Structure formats: structure tokens, C-alpha cells
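Participant: Under this note's numbering, the first residue of the sequence shown carries the number 1021, and numbering increases by one thereafter. For glycine and all other residues, C-beta sits at the position ideal for the given N, C-alpha and C. The structure presented is a predicted model; accordingly, all values stated were derived computationally and were not measured.
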Amino acid sequence: MSDDVKYMLDALDRLSNKGFEFAGHRANHGPMVADALVALGAGEAAPAWCESYAAVDAACRTTGFFLITGHGVPGDMMMEVYRRSREFFDMPAEVKHSCHAEGHGLLGYRGMNSLRASTSSASDSPYDAKELYSIGQEYPPAHLGAPHAEFFPPNIWPRDMAGFWAALLAYYDTMCQLTEPLGELFATALGLPGDYFGRRSDGQLSWLVSINYPSQATTPVEPDQWRFGAHRDRSCFTILSTSGPGLEVEDAYGVWHPVPVRPDAFIVNVGSMLAGWTGGRWIAPLHRVSPPRADASPDQASSRRQSLGFFYSPDPTVTLDPLPTSDCGEPHTLHGHTRTVADHLRSLLGLYK
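So, in C-alpha cells, the structure goes:
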């Protein structure tokens, strides 16, 4: 048995212990339905593993997203993060705005009607009907002098809300741990060594964003306004939890489909960084959050909606050379040099200033 094959089997064993299940989704003109649900249980035969990773590859080629269950994130942790986030978003406006970062709005608070989707072409289009709070990795002050320090600003915390800090940081750390088996999953689905992304994550750039979409009863959505306008994530990949329906994904024909909501599942989607890294083999899905439908049930029509998005990217120095597989295209260059993670994400910083 070759070292490469042995490594792959070892990686599959590690992933099986995580108990993942996958639900991929097919783009078509009808309702978006699950076309693959694969339980990665210990003891599966090698052909079953191959089918599992082929299903993930197919999902990332067609819609760019899938669902995972069996991820091991405790339900009480999820409930605590949502509860603490509600407490923060229910604070007076002046308290929330005190957590806004002047000149670097990537972290901290951004209020209602202050951001519009990055794909919006009209400067007078309505701002999104959402507010959000973002955090990154906690670093000591000395880290601010390190290379690429613009990506590692200090977190901004509200005063006298230690429970909020603790809940978000615990969840952030848990998501960082979850990126390891997910990275192995993506790498194996691409035919790469399982640690391909892990070896490029020592100084990973990851942000956690808690998003609040207020109740329609208190903050009605204006005509032509979205809760979150159509956009593609700039991250490598995103791990999303949401409290209710509203997320929609566009298929290859320009038709929008609702994304199923499962309380026990995370939505994982490919970001534009990973899509470009694969030379277009995988796609970064265009997605949005719509207001409640006119025919929504009374409890959904006026309900508040919350989401927790974890946006993972590798170390900023990593070059986005084509992945070493057979169909991942040519090098991505920027002004004559190979594009890096830092190059890719600088456009994101510009959106939040």
C-alpha cells in the first residue's frame, strides 16, 4: 500500500469518527431537494467512502453547498450563542453603535441599513434590512505589528456583557476546530491529501458574524429591499447556522430556490476563493435572504431571524495556485504575481470601511 493511499484511508477513518452526514442539493427548475444523504460511519467499505466524496464533489460542482449533521457541536452551545446575541441586539442603539470600528468595520457592530450586498450595481438600491456583529481570533497586542496585521485587528467588545463575549468566543473556537475535518473533506473530494488545507491554516483568517434580521412587526422591510441582498461569499468556505427559513440559492438557470432548514444541520457553502482555487471546478453560489413570503404562516411572517456565519480562509501568505488536480485551471495572477489569500481578501476589507 502506497503512503498516499494509506494517508487517505487514515484521513477517512478520522472523518468517520466525526459522524458526518451530507445532504447535497441539485439545481433544477422545481423545488430544491436533497439528492444525496451520506452517513460517514465507522467501518464503511472503501467503495462507500468513494461514493461519499464523489457526492460532495458533485454538490460543490452544481450548487456549491451541502448540509452537514453529526458535527458534534452541542445544541446548548448553539442556543446560548443565539440567546446572548439577542441580548446584544436588543440593547439601545447607542450601546450597539459604541462597538462600531471606525475605518475598519470588518469587526464589531454594523447597524441596520448600513450595508448592501456586494453584487448590487445600483448605488441607490436599498440597504439590507439586517444588523450584525463580527469577531475574529483573539490576539495579543504585539500581534498588531505582524505582517498582514490589517487582517487581525483587535475585537471590539461591549462593556458589561461578559456572557456575550464568552459565548461568541467559545463558538468561534468550536468552528475553528470544525474546519479541520471539513478541510479534510474538501481535500479528499478534490483528490488531494487530506491535510492539504490544514497545512495552510496556521494563521488562518476566519471571522464569525452574528446577524440579526428584526421582526417585520417592528422593522418592516421596504419595497425592493432584501434582508441580505444577493452575493457570493469571498471566503474559502462558510459554515452557516440559521434559526429559520429565508435563505435562497440561485441555480444555473437563474432560478432561486429556498434552502432547507434543519435545526441539527449546518449549511456549508463554497466561497469565491475556493471556487477560484479550483479553477472553476467548484462554484461559489449566489445566495440571498428574502423577507417572509406573502403566504408565510403568521409566526414566520413577523418573526425575527438570526444567523451565525463562520467564514474560513487559510493563512494570508498562501498562494492561490491551481490545486494539483487534473482540472483546476491556470494560475491566478494579480499585476504579474501569483494571487494570494491576502490579495483576495483585501477587496473584502474595502467593502466594510
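#1: Among V1338, Y1147, S1261 and W1276, whose alpha-carbon lies nearest the alpha-carbon of V1093?
#2: By the 10 Å Cβ neighbour count, where 16 or more other Cβ atoms means buried, how is T1199 classified, buried or exposed?
#3: Excluding the 5 residues preceding and the 5 following D1253 in the sequence, name in chain order all residues of the same chain whose CB lies nearer than 7 Å to its CB.
#4: Indicate whether L1210 and P1334 have their beta-carbon atoms separated by less than 9 Å.
#5: Measure the beta-carbon distance from P1312 to Q1236 and round it to whole angstroms, keeping in mind my assumption that it falls under 8 Å.
#6: Below 6 Å CB to CB, which residues in the same chain sit around D1077 once its five sequence neighbours on both sides are set aside?
#7: Would you mind working out which of L1188, P1280, T1360 and I1259 sits nearest E1201, comparing C-alpha positions?
#8: Please determine, among F1217, D1215, R1179 and Y1153, the residue with the shortest C-alpha to C-alpha distance to Y1192.
#9: Below 7 Å CB to CB, which residues in the same chain sit around L1127 once its five sequence neighbours on both sides are set aside?
#10: In three-state DSSP terms, what is Q1197?
#11: Quick one: residues in its chain with C-beta nearer than 8 Å to the C-beta of Y1102, no 5 flanking neighbours on either side, listed in chain order?
#12: Helix, strand or coil for A1413 per DSSP?
#13: Is the distance from the Cβ of T1082 to the Cβ of A1272 below 9 Å?
#14: Counting only the same chain and skipping the five closest in sequence on each side, list residues whose C-beta sits under 6 Å from that of D1284.
#15: Rounded to the nearest angstrom, how far is the Cβ of F1085 from that of I1231, given a contact under 8 Å?
#16: Determine the closest residue to A1149 out of R1179, A1074 and F1248, with distance taken between C-alpha atoms.
#17: Whose C-alpha, out of L1340, L1188 and M1195, is nearest the C-alpha of P1178?
#18: What distance in whole Å lies between the Cβ atoms of E1107 and M1132, which are believed to be in contact at a cut-off of 8 Å?
#19: Quick one: grab the DSSP three-state call for E1041.
#20: Please list, in chain order, all residues of the same chain as A1065 whose beta carbon is under 6 Å from its beta carbon, the five residues on each side excluded.
#21: Count the other C-beta atoms from every protein chain shown that fall within 10 angstroms of the C-beta of A1182, then say buried if there are 16 or more, exposed otherwise.
#22: Give the C-beta separation of W1246 and S1323 to the nearest angstrom, bearing in mind that I take them to be a contact with Cβ-Cβ under 8 Å.
#23: At a cut-off of 8 Å, would you count A1237 as near the ligand NAD, judging by its Cβ distance to the nearest heavy atom?
#24: Got a sec, what are the start and stop residues for the beta strand (DSSP E) E1107 sits in?
#25: Mind checking who T1238 pairs with in its DSSP beta bridge?
#26: Measure the Cβ-Cβ separation of C1256 and L1306 and say whether it is below 9 Å.
#27: Take R1359 as the anchor and find which of V1338, A1186 and Y1129 has the nearest alpha-carbon.
#28: With a 10 Å radius around its C-beta and 16 neighbouring C-beta atoms as the bar for buried, classify A1207 as buried or exposed.
Facilitator: Reading off the structure:
#1: S1261
#2: buried
#3: N1289, G1291, S1292, A1304 and F1331
#4: no
#5: 6 Å
#6: A1209
#7: Note on residue identity: the sequence assigns Pro, not Glu, to residue 1201. Cα-wise, what sits closest to P1201 is I1259.
#8: Y1153
#9: A1121, S1154, I1155, G1156, P1173, N1175 and I1176
#10: helix
#11: S1263, Q1326 and L1328
#12: As shown, the chain starts at 1021 and ends at 1373. That puts residue 1413 outside it, with no answer to give.
#13: yes
#14: T1089
#15: About 17 Å; that fails the 8 Å criterion.
#16: F1248
#17: L1188
#18: Going by Cβ atoms, the distance from M1132 to E1107 rounds to 17 Å, so no, they are not a contact pair.
#19: Because E1041 carries a pLDDT of 48, less than 50, the predicted location of this residue cannot be relied on, and no value is offered for it.
#20: With a pLDDT of only 46 at A1065, under the threshold of 50, the placement of this residue in the model should not be trusted, and no figure is reported.
#21: exposed
#22: About 17 Å; that fails the 8 Å criterion.
#23: In the structure on display, the ligand NAD does not appear, and there are no ligands present to speak of.
#24: Taken as a continuous stretch (DSSP letters only), E1107 belongs to no beta strand (DSSP E), being part of the alpha helix (DSSP H) at G1095 to F1109.
#25: DSSP lists no partner for T1238.
#26: no
#27: V1338
#28: buried
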